[in-house]
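Numbering (our numbering), first residue to last: -8 to 221. By construction, the Cβ of each residue, glycine as well, lies at the ideal position given by its N, Cα and C atoms. For clarity, every value in this text was computed on a predicted model and none was experimentally measured. Notes follow the structure.
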């Protein structure tokens, strides 16, 4: 099944420890009450505006909170329209180039495969189709040191939640300021079988206190072995 409406896909990309790569992102959907496809075309100006908001988010930090390691460098933010069929609508990809690249704020060096999952919860039906979205942030200093029960402390998580809330509100306000009052950060699903696709506007951010891992972030590091003969 197709997506109910076109949507805008935002993907932040960069390098990690020089040889690895990371990416994270979110979608911008139109309000469910709008029947016709009305998302605006992605211009370079719009991509730059969204890219600048992502820059701020990437480089945010708070006292005693988690912040992205300086070994992660944001290099570009891609902003593209995706059609109902899941394909790119425009011939040329639009991206905001971060030059020079921006490094994270913290000096720590957690393992590249460590990640913090940020969940985006839909407004209408969190348990339904498109009810939950998720992206994985680059390694953050502090997440490699956990409490006695193996979890990240709540004081470290709160700044990440606050920064993500601000990012979403700022993106929503950006479209509102452009006169596009029906576009919001949201989740989208194409459905399956006879079940139609669905889109939901994000109304809640959740960040868990257990580290995740992203195996694709350790594919390029050359591994050397210490051998013990039996």
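For residue i: DSSP bridge partner residues
{"i": "residue 16", "result": "2"}
{"i": "residue 204", "result": "105"}
{"i": "residue 86", "result": "69"}
{"i": "residue 131", "result": "59"}
{"i": "residue 112", "result": "123 and 195"}
{"i": "residue 7", "result": "11 and 63"}
{"i": "residue 147", "result": "Bridge partners of residue 147: none, in fact."}
{"i": "residue 22", "result": "Partner(s): none; residue 22 has no beta bridge."}
{"i": "residue 93", "result": "65"}
Where the alpha helix (DSSP H) through residue i begins and ends
{"i": "residue 37", "result": "35 to 49"}
Rounded C-alpha distance that separates residue i from residue j
{"i": "residue 154", "j": "residue 126", "result": "14 Å"}
{"i": "residue 38", "j": "residue 69", "result": "7 Å"}
{"i": "residue 132", "j": "residue 205", "result": "16 Å"}
{"i": "residue 113", "j": "residue 24", "result": "15 Å"}
{"i": "residue 20", "j": "residue 221", "result": "59 Å"}
{"i": "residue 165", "j": "residue 148", "result": "26 Å"}
{"i": "residue 101", "j": "residue 141", "result": "16 Å"}
{"i": "residue 193", "j": "residue 12", "result": "27 Å"}
{"i": "residue 80", "j": "residue 74", "result": "6 Å"}
{"i": "residue 31", "j": "residue 208", "result": "34 Å"}
{"i": "residue -7", "j": "residue 27", "result": "15 Å"}
{"i": "residue 129", "j": "residue 0", "result": "19 Å"}
{"i": "residue 29", "j": "residue 95", "result": "36 Å"}
{"i": "residue 82", "j": "residue 36", "result": "17 Å"}
{"i": "residue 173", "j": "residue 97", "result": "37 Å"}
{"i": "residue 175", "j": "residue 14", "result": "21 Å"}
{"i": "residue 16", "j": "residue 138", "result": "29 Å"}
{"i": "residue 2", "j": "residue 62", "result": "19 Å"}
{"i": "residue 43", "j": "residue 84", "result": "18 Å"}
Bounding residues of the beta strand (DSSP E) (the contiguous stretch that carries residue i)
{"i": "residue 57", "result": "From DSSP, residue 57 is part of no beta strand (DSSP E); its letter is neither H nor E."}
{"i": "residue 179", "result": "174 to 180"}
{"i": "residue 136", "result": "Premise fails: residue 136 is in no beta strand (DSSP E) and is neither H nor E."}
Best match in the options for proximity to residue i [C-alpha to C-alpha]
{"i": "residue 72", "options": "33, 5 and 113", "result": "33"}
{"i": "residue -2", "options": "45, 13, 4 and 77", "result": "77"}
{"i": "residue 213", "options": "-6, 4, 10 and -7", "result": "10"}
{"i": "residue 64", "options": "45, 162 and 163", "result": "45"}
{"i": "residue 60", "options": "43, 40 and 99", "result": "99"}
{"i": "residue 191", "options": "17, 14, 22 and 7", "result": "22"}
{"i": "residue 134", "options": "160, 105 and 30", "result": "105"}
{"i": "residue 152", "options": "123, 0, 15 and 51", "result": "51"}
{"i": "residue 89", "options": "83, 67 and 108", "result": "67"}
{"i": "residue 103", "options": "202, 123 and 196", "result": "202"}
{"i": "residue 198", "options": "158, 150 and 84", "result": "150"}
{"i": "residue 161", "options": "3, 62 and 48", "result": "48"}
{"i": "residue 195", "options": "138, 62 and 157", "result": "157"}
Whole-angstrom C-beta distance between residue j and residue i, which should lie under 8 Å
{"i": "residue -4", "j": "residue 41", "result": "19 Å between Cβ atoms; not a contact."}
{"i": "residue 107", "j": "residue 57", "result": "7 Å"}
{"i": "residue 123", "j": "residue 110", "result": "6 Å"}
{"i": "residue 18", "j": "residue 178", "result": "7 Å"}
{"i": "residue 159", "j": "residue 200", "result": "Their Cβ separation, rounded to whole angstroms, is 21 Å, which puts residue 159 and residue 200 out of contact at 8 Å."}
{"i": "residue 5", "j": "residue 92", "result": "7 Å"}
{"i": "residue 170", "j": "residue 180", "result": "Wrong, their Cβ atoms sit about 28 Å apart, outside the cutoff."}
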